[in-house]
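Input: a single structure, listed below in structure tokens.
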Amino acid sequence: MDLVTVGTGTVAPSATRTSACHWVARGSLKILLDCGAGTLHRLAQFGLPWHQVSHVVLSHFHPDHWGELPMLVYALKYTTMPPRQEPLVILGPRGVVRLIKQLAEGYGPWLLDPGFPIGILDVQDGEPFPLDRDVSLETFPVPHTPESVALSLTAPEGRLVYTGDTGAPEGRLVYTGDTGPSSELARWAGGADVLLAECSLPKEMALDIHLTPEQAGELARDAGARHLVLTHFYPPVETSDPARAAGARFPGRITAAKDGDRFTIGGGGK
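Residue numbering for the sequence shown is 378 to 647, as defined by this note's numbering.
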């Protein structure tokens, strides 16, 4: 699996970081983990085939994690030549179907019927959801909002875990989304090849619904992750050295990601 950290920022306007979005590609799968403001132009800037996106997976419903999703559908509807025929699948925690239907009430019926097949599904926690015959998605509840989940993508070559926002031969990519500290999350993320963890705030501004660099390091240590990739930086945390702070708690490989950084899961590194 190939990972590109498309957007490593937050809702805070930044000249260098856009809102949350991460590109994962494997064969015909082209997956967006979250789809915040700035996603489309960043995908184009980084030379990623945005028109081939097959899945969008949301970690929760704060708009800095989904705000560009209607624009993605709009662009796929009106700017792909020849017109798109391939389906787009939108996945997320319980409530994502309701969210998209509510957005369509404002944007218009094209959001649900853009001229190509579109599928929207609430994913159940703890149940592997196959994206194709090799790659599966799992979700796990995290302490941020009532619906917030971390996301895991598992393929034969590796596992990626994405925390979202929060207080074996197979491998794994885990994305925390937004989250606070959670020992349960560490157990669930165990053995992640890449732990893509939010790192919102410095220690002196700590909240129970976000992670500090030190807490992200503890999460990676307790999960036994191979590589900790930090993302979702609010401006105050960037004035410090988040990778160094995380490294005080986690002895493994750490990257403080920037928009456009590229990683390979199962291929030997960045």
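Beta carbons are placed, not taken as given, at the ideal position from N, Cα and C, and that holds for glycine.
Q. Mapping DSSP to helix, strand and coil, what is P518?
A. In the sequence shown, the residue the question calls residue 518 occupies position 141. If DSSP states are grouped into helix, strand and coil, P518 belongs with the strands.
Q.
Distance check for T385 and R603, CA to CA, integer angstroms please.
A. What you label residue 603 is simply residue 226 of the sequence shown in a count that begins at 1. What you label residue 385 is simply residue 8 of the sequence shown in a count that begins at 1. Cα-Cα distance, rounded: 20 angstroms.
Q. Can you check whether the CB of A566 is closer than 8 angstroms to the CB of M378?
A. Locating residue 378 in the sequence shown gives position 1, counting from the first residue. Locating residue 566 in the sequence shown gives position 189, counting from the first residue. Not in contact: M378 and A566 (Cβ atoms no closer than 8 angstroms).
Q: Name the one or two DSSP bridge partners that R564 has.
A: Along the sequence shown, one-based indexing puts residue 564 at 187. Answer is none; R564 lacks a bridge partner.
Q) In terms of residues, what are the limits of the alpha helix (DSSP H) holding A622? A) One-based indexing of the sequence shown puts residue 622 at position 245. Here the alpha helix (DSSP H) through A622 covers P619 to G624.
(Q) Using the three-state DSSP reduction, which class does T416 fall into: helix, strand or coil? (A) For the purposes of this step, residue 416 is taken as the residue at position 39 of the sequence shown. For T416, the secondary structure class from DSSP, reduced to helix, strand or coil, is helix.
Q. Who are D411's beta bridge partners in DSSP?
A. The count along the sequence shown starts at 1 and reaches residue 411 at position 34. According to DSSP, which records beta bridges pairwise, D411 is partnered with nothing at all.
Q.
By the three-class DSSP mapping on this structure, what secondary structure does L425 have?
A. Numbered from 1 along the sequence shown, position 48 holds the residue referred to as residue 425. Of the three classes helix, strand and coil, the one that applies to L425 here is coil, per DSSP.
Q. What residue range is occupied by the uninterrupted alpha helix (DSSP H) comprising D599?
A. For this step, residue 599 is matched to residue 222 along the sequence shown. Annotation for D599: the continuous alpha helix (DSSP H) segment containing it runs P590 to A600.
Q) Going by the beta-carbon positions, is the gap between V606 and F640 smaller than 8 angstroms? A) In the sequence shown, counting from the first residue as 1, residue 606 sits at position 229. In the sequence shown, counting from the first residue as 1, residue 640 sits at position 263. Yes, these two residues count as a Cβ contact at 8 angstroms.
Q.
Helix, strand or coil for Y484? Go by DSSP, reduced to three states.
A. Indexing the sequence shown from 1 puts residue 484 at position 107. Reduced to three states, the DSSP call for Y484 is helix.
Q: Tell me, please, whether the stretch 467-480 touches the stretch 557-564 by the rule of three or more beta-carbon pairs shorter than 8 angstroms.
A: Touching, no.
Q.
My output table needs one value for R475: the three-state DSSP class, helix, strand or coil.
A. Working through the sequence shown from its first residue, we reach residue 475 at position 98. In the structure shown, R475 sits in a helix (DSSP, three-state: H, G or I).
Q.
On the DSSP letters alone, give me the boundaries of the beta strand (DSSP E) that A633 sits inside.
A. For this step, residue 633 is matched to residue 256 along the sequence shown. Per DSSP, A633 belongs to the beta strand (DSSP E) from R630 to A633.
(Q) Count Cβ pairs between the stretch 481-495 and the stretch 405-414 that sit closer than 8 angstroms; are there 3 or more? (A) The stretch 481-495 vs the stretch 405-414: no contact.
Q.
Tell me which residues share the same chain as G496 and place their Cβ nearer than 8 angstroms to its Cβ, disregarding the 5 neighbours each side in the sequence.
A. For the purposes of this step, residue 496 is taken as residue 119 along the sequence shown, with counting starting at 1. Counting only Cβ-Cβ distances below 8 angstroms, and skipping sequence neighbours, we find P464, L465, V466 and I467.
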